[in-house]
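Position 72, counted from 1, in the sequence shown is what my numbering calls 197; the numbers after and before it change by one each time, with no gaps.
Don't be surprised by glycine CBs; every beta carbon is placed ideally from N, CA and C.
Small disclaimer: the values here were computed from a predicted structure and weren't measured.
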Amino acid sequence: MNNLPQHVSIIMDGNGRWAKARGKERVYGHMEGAESVRACLEYAVEIGLPYLSLYAFSEENWNRPPVEVNALMALMLKFIRQEFSNLMEHRVRFMALGNRRRLSKEVNAAIDDLMEASAGNQGTTLIVFLSYSGQWDVLQAMKKAAAELSPEAFQAMEAKDFSGYLVTAGIPDPDLLIRTSGELRISNYLLWQCAYSEFYFTDVLWPDFRRPQFQEALDAYANRDRRYGKVK
126 MNNLPQHVSI IMDGNGRWAK ARGKERVYGH MEGAESVRAC LEYAVEIGLP YLSLYAFSEE
186 NWNRPPVEVN ALMALMLKFI RQEFSNLMEH RVRFMALGNR RRLSKEVNAA IDDLMEASAG
246 NQGTTLIVFL SYSGQWDVLQ AMKKAAAELS PEAFQAMEAK DFSGYLVTAG IPDPDLLIRT
306 SGELRISNYL LWQCAYSEFY FTDVLWPDFR RPQFQEALDA YANRDRRYGK VK
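Structure below.
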């Protein structure tokens with residue numbers, strides 16, 4: 126595939142509106158959105174995409190009604206358990222990043238089991254951002270760097286050095302950031318890492334975002350001219 130990005134990240138948005146349009150509860154939209162996750166991951170594996178990351182749950186999402194929060198966590202737990210063997214079969218490496226201290230012991234245990242089991246897999250890396258906030262990420266990185274470095278080393282630190290303190294250390298920054306549902310913002314997501322990402326916004330709601338829509342986004346990216354501030 127021509128000009129395939131190394132890392133595609135997706136802000137999955139529109140589950141609630143998708144469900145409301147069908148007279149259903151928001152949870153129904155999240156359940157259907159899980160099918161889009163499965164479809165996009167399968168396609169990523171098929172085309173050999175090295176990294177696929179998904180913004181599944183932000184720190185701000187903790188402010189949603191408890192019923193919805195609990196349903197989202199139950200869906201995450203169900204996905205891990207149901208897809209465990211499938212991810213291993215297709216050599217997918219699984220990672221979950223964010224402020225995991227806010228997650229339940231059960232969810233964290235399931236995440237740890239899958240991360241440990243899939244750590245050596247050499248296929249697509251699937252990164253799920255849970256309880257994540259871009260501002261939180263930068264702040265925790267700054268605190269970590271300040272605690273580990275001398276004042277002189279901290280002052281001398283460059284951008285490439287600081288990236289090593291983010292939760293995404295060792296992971297390439299997204300080449301392409303996709304957001305569904307027609308919203309034109311990145312909602313406190315990967316604020317540092319998306320400095321030079323290409324953005325792709327679509328009106329398609331996440332439960333309707335499947336292989337054809339994913340390919341359209343990749344086609345749009347293939348026609349972009351990335352200059353990184355330089356002149357070609």
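Non-local beta-carbon contacts of A347 in its own chain, meaning distances under 6 Å to residues more than five positions away in sequence, involve N127 and N128 in chain order. N224 is a Cβ neighbour of S256, given a cutoff of 7 Å. Going by beta carbons, L291 and D262 fall inside the 7 Å limit. DSSP assignment within the segment 289 to 341 yields the following whole beta strand (DSSP E) runs of 3 residues or more, N-terminal first: 301 to 304 and 323 to 326. With a cut-off of 8 Å on Cβ pairs, the segment 201 to 214 is not in contact with the segment 278 to 288, counting fewer than three such pairs. The distance from the Cβ of P297 to that of L315 is about 12 Å, inconsistent with a contact at the 8 Å cut-off. K149 and E157 have their C-alpha atoms some 11 Å from each other. When Cβ pairs closer than 8 Å are counted between the two stretches, the segment 132 to 147 is seen to touch the segment 175 to 193, the count reaching three or more.
Considering only M213, S161 and H155, the residue with the shortest C-alpha distance to T250 is M213. Between Y176 and H132, the CB-CB gap stays under 7 Å. Just measuring C-alpha positions, the residue of G289, A235, F326 and E241 sitting nearest L200 is A235.
Distance between G248 and P276, taken at the CA atoms: about 40 Å. Judged by beta-carbon spacing, W143 lies within the 7 Å limit of L330, meaning their Cβ atoms are closer than that value.
Counting only residues of its own chain and dropping the five nearest sequence neighbours on each side, L228 has a CB closer than 8 Å to the CB of M198, I236, L255 and S256.
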